[in-house]
Amino acid sequence: MIQILRIEIYKIFKRPRTYISFGIVLAITLVIQLALFSDGKEFLGFFMQGINEQFDVQGNILNGYLVAYVILHSLLMQIPLLVALVAGDSLAGEANLGTLRLLLTKPISRTKLVLMKFLSSFIYTLILIIWLAIVALFVSMLLFGTGDMINIKSDSFVVILQNDVMWRYLLAFCFATLAMTTIASLSLLLSAFADNAIGPIISTMGIVVVMTILCNLQLPVFNHIIPYLFTPHMVGWKGFFDDPIPYAAIGRSAITLAAYTIVFLAATIYYFNKKDIKS
Amino acid sequence: MPSIVETRNLYKSFGSFKAVNGLSFSIEKGDVYGFLGQNGAGKSTTMRMIMGLIFPDSGEIFINGETFNNSKRHLLKNIGAVIERPDMYGYLSGWDNLRIFAALSDKNITKARLHEVLEVVGLTGREKDKVKAYSQGMKQRLGIAIALVHQPDLLVLDEPTNGLDPQGIAEMRQLINRLSGDLGKTVMVSSHLLHEIEQVATGMLVIHKGKKIVSGKVKDLLNPDETLVSVAVTNDTHFVEKLNQSQWGKMMERTTSGSATFKMNPSVIPDLNKWLVEHDFRVKEIKSEHSLEAYFLSLTHDTDTQN
Amino acid sequence: MMSIKAGLQILFLSILAPLTVKADTGTDLFYALRKKALLVKDYTADVNMQIDVSYMKIPKLKGTMYFKSPDKLRLERHGGISLLPKKNVNLTISNLMPAGNVLVIDIGNVEKDGKKLHVLKVVPDDDQNNIVLAKLWVDEANLVAVRAETTTRNDGTIIMDLTFGKYINWGLPDKVALLVDLKDYKLPKGFTLDYETNPGAKPDAQAEKAAKASKGQKGTIKINYLKYDVNTGLSDEKFK
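As they're listed, the protein sequences go chains A, B and C.
Take the first sequence: its position 197, counted from the start at 1, is 226 in the working numbering, and no numbers get skipped.
Take the second sequence: its position 285, counted from the start at 1, is 401 in the working numbering, and no numbers get skipped.
Take the third sequence: its position 132, counted from the start at 1, is 413 in the working numbering, and no numbers get skipped.
The structure is reproduced here in structure tokens:
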């Protein structure tokens, strides 16, 4: 088992493509940091107009903590793509290369192989999130300094004291890892159906985008389905920056995401064990 | 002694296409078993079923006497295979590819063994190069190294000469002979060319449209007595009559007015020629062809005309 | 004609006479109060502040409050952010008492929490002043206002309750509670992409709840002054 996992991780990190993801995260992060560095005042002014009318807010508002939040918020659509890039490739990419054929003539069970593909995708996701934490949070803290963190919501304005921030980020990154693991398991499932990696990657993004649009439309017709979609739960990490923290809602979201992950993984294992390898 | 691989009534369809249609055969230990058939005859599908890549619709596969299915994948431990193209991780070196697949073979494989197997396939010195820089022949040899590294009893090689140049084909033939001769492996090898099978195989099976056409030992199937010799003459007066009255009559398969086809050992062709000359027949052509080859070519012809 | 006019004057004066006498006491009291407030040229105080507004979720803010007469105020949060109501809703009592000439109306004494308080209504002469009317509850014995209800031109009504302790001689409170009128707060959801704790719930219900929470608000700001350093000669630099 460990052997297969080590090999899967080795294969992921031996590929130049993997590092493109890390490069993309770095590039997007730097662009947002640069933008906020030069135009952060206007950006803040826009969001804070409701508060600024009545209060006089001073100090390092646009600090590393807020910048990191803005970056995480902006990467909502990009990170799933980067996760799909690896997880969607894990089975379909090998089918396309032809190596799946060779891999499956080895005396390892297909279930184990799927589990290890999932675990290796999870580890990649985790490392990607850690990388995101480094460049989005720690680099922002270096560039913008620290201070109390503000969180501007549509119906409230939250201030979090600076010594109260880091543990929230820790939990938020844990939650983000869970959300991205759900994406990884979805990509893996789609990957089992396909013989080239483009399909699963695009389908994953398609599903995420369609679900997100459905939720944002807020049409009454869809209201019954929305709680059962996984995309609204993916932003559960934001809950850690509220006061009080809506633990019950975050817990519900986490359970929903975990349930989706398990269902996707089980479906992958079931299907892959029946699949004829014709590639 | 049980067969190393045996299939009973294997069926597999893809949609309405019957890829394998009731195939039964067995491969004994030490055989070099040739699997001969046109492209699309069902060779690859059969090999994939033996390797657990494709699941049969019905029928049974036995490996070393044990029923094989998806839950018995440990039986693959004693098989090494190259199915169709020898595809590898191009972004990794030959060494890494070999190491990775060796690690998945559920056996302890030493570094020395990796070097040894590279030596066997003649890739020593090139193992650090990325596989994407390899020629087709090198990839094929690396594929065989991977199939061989865990010292399996049986090697399943699907069209190993595909895409190779004549020199590569010759080297592959030597390699297969060496695997079977020096290393004592049982080899199942498929091809769409009879002479390739003829040169390496001890047993063979001809498959067409998913069905077994003929099988047996190569030395029996390619028995020289089964050679078809056809003779054409320019003066056909009493040609058939005289032949019928001679010792050649019982060997005669079919005749037309100026030609006759015999089933005979090619060693007697000079005698036949002498007899014809002595009986004042003007020989235009004597042509020999093995009956199996003729038969196989007729299958090809069928497929070609269908296409 | 004359007699009627004189008669009315007498009548008017006789009605007003008791008030005027009283008003003089009130006016004196107000000016005494204002004079006392002016004793404090500046102060530095350790404070903690609690902002209690339904749409704002802000923990207790600890910091140092700097004040310089007449109207400079700054909360220093040692690296943290500072949040104060806008300048025109100033937190110091001196700013809730109108400057310049005023008309003081003496309402008389009331009892509150066992204390006798003198209630004054103050109307500035200057009709450009942001303060339209200030109502002060004065503890005469200690010469401090313990409550001020100020109606402003632009910022609604501000009610300020003050509790005094050690610094009563300076007229500086230990605790101030400020009740202010607030405008609505609402940002379009598309901009903020909130985390829905209850996805798929009827948008109407959510919107209603949000509207209810933010419409015609009153908010309280409570400040505890823990320690004052008075008249240390703070420079204007502190307030930049």
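Built from N, CA and C at the ideal position, the CB exists for glycine as well.
- Residue-level contact check: A/Ser150 does not touch chain B, since none of the beta carbons of chain B fall below 8 angstroms from its beta carbon.
- For B/Thr302 against B/Ile120, the beta-carbon gap comes to about 5 angstroms, under 8 angstroms, which counts as contact.
- At a beta-carbon threshold of 8 angstroms, the residues of chain A lying near B/Asp203 are Leu126, Gly127, Thr128, Arg130 and Leu131, ordered along the chain.
- Secondary structure of B/Lys335 (DSSP, three-state): helix.
- For B/Met167, the closest Cβ of chain A is nearer than 8 angstroms.
- Using a CB distance cut-off of 8 angstroms, B/Asn339 does not count as an interface residue toward chain A.
- For the set C/Ala426, C/Leu463 and C/Val385, the Cα lying nearest the Cα of C/Leu414 is the one of C/Val385.
- Relative to A/Val143, the option among A/Leu161, A/Ser216 and A/Ile61 whose CA is nearest is A/Ser216.
- DSSP, reduced to helix, strand and coil, places C/Glu477 outside both helices and strands of the structure shown, so it counts as coil.
- A/His102 carries a helical assignment under DSSP once its states are collapsed to helix, strand and coil.
- C/Phe348 and C/Leu319 have their C-alpha atoms roughly 12 angstroms apart.
- When DSSP assignments are scanned along the stretch 67 to 150 of chain A, the uninterrupted stretches of beta strand (DSSP E) that are 3 or more residues long and fall wholly within it turn out to be 84 to 87.
- C/Leu364 and A/Val237 do not touch by the CB rule: their CB atoms are close to 37 angstroms apart, not below 8 angstroms.
- Under the Cβ criterion of 8 angstroms, A/Ser138 is counted among the residues facing chain B.
- For B/Ile199, at least one C-beta of chain A is nearer than 8 angstroms to its own C-beta.
- Shown in chain order are the members of the stretch 356 to 367 of chain C whose Cβ falls below 7 angstroms from a Cβ of chain A: Arg358, Gly360, Gly361, Ile362, Ser363, Leu364, Leu365, Pro366 and Lys367.
- With contact defined as three or more Cβ pairs closer than 8 angstroms, the stretch 505 to 516 of chain C and the stretch 288 to 303 of chain A are not in contact.
- Contact between A/Leu190 and C/Gly361 holds, since their C-beta atoms are separated by about 7 angstroms, short of 8 angstroms.
- Here C/Met337 is buried. Its C-beta has 16 or more other C-beta atoms within 10 Å.
- Chain-ordered listing is empty here: chain C has no CB closer than 7 angstroms to the CB of A/Ile36, the nearest sitting near 38 angstroms.
- Of all residues in the stretch 326 to 356 of chain C, those with a C-beta nearer than 7 angstroms to a C-beta of chain A are Tyr336, Met337, Lys338, Ile339 and Pro340, reading in chain order.
- Residue state for B/Asn125 is assigned as strand, using DSSP reduced to three classes.
- Between B/Leu152 and B/Met320, the C-beta gap is smaller than 8 angstroms, which places the two residues in contact.
- Using a Cβ-Cβ cut-off of 7 angstroms, A/Glu82 is close to Lys464 of chain C, given in chain order.
- Counting along the chain, A/Phe173 sits inside the alpha helix (DSSP H) bounded by residues Val168 to Phe173.
- Annotation: B/Glu200 to B/Asn155 spans about 11 angstroms, alpha carbon to alpha carbon.
- For A/Leu190, the nearest CB of chain C lies under 8 angstroms from its own CB, placing it at the interface with that chain.
- Between the stretch 247 to 262 of chain A and the stretch 453 to 465 of chain C, the count of Cβ pairs shorter than 8 angstroms is below three; the stretches do not touch.
- For A/Arg44, at least one C-beta of chain B is nearer than 8 angstroms to its own C-beta.
- Assigned with DSSP and collapsed to three states, C/Asn512 falls in coil, not helix or strand.
- The criterion of a C-beta distance shorter than 8 angstroms is not satisfied by C/Trp418 and C/Lys456.
- With fewer than 16 other Cβ atoms from the protein chains shown falling within 10 Å of its own Cβ, B/Phe133 counts as exposed.
- Taking a contact to require three or more Cβ pairs closer than 8 angstroms, the stretch 265 to 285 of chain B and the stretch 191 to 200 of chain B qualify as touching.
- Judged by DSSP secondary structure, B/Met368 falls within the beta strand (DSSP E) whose first and last residues are Met368 to Thr371.
- Between A/Leu120 and A/Leu129, the CB-CB gap stays under 8 angstroms.
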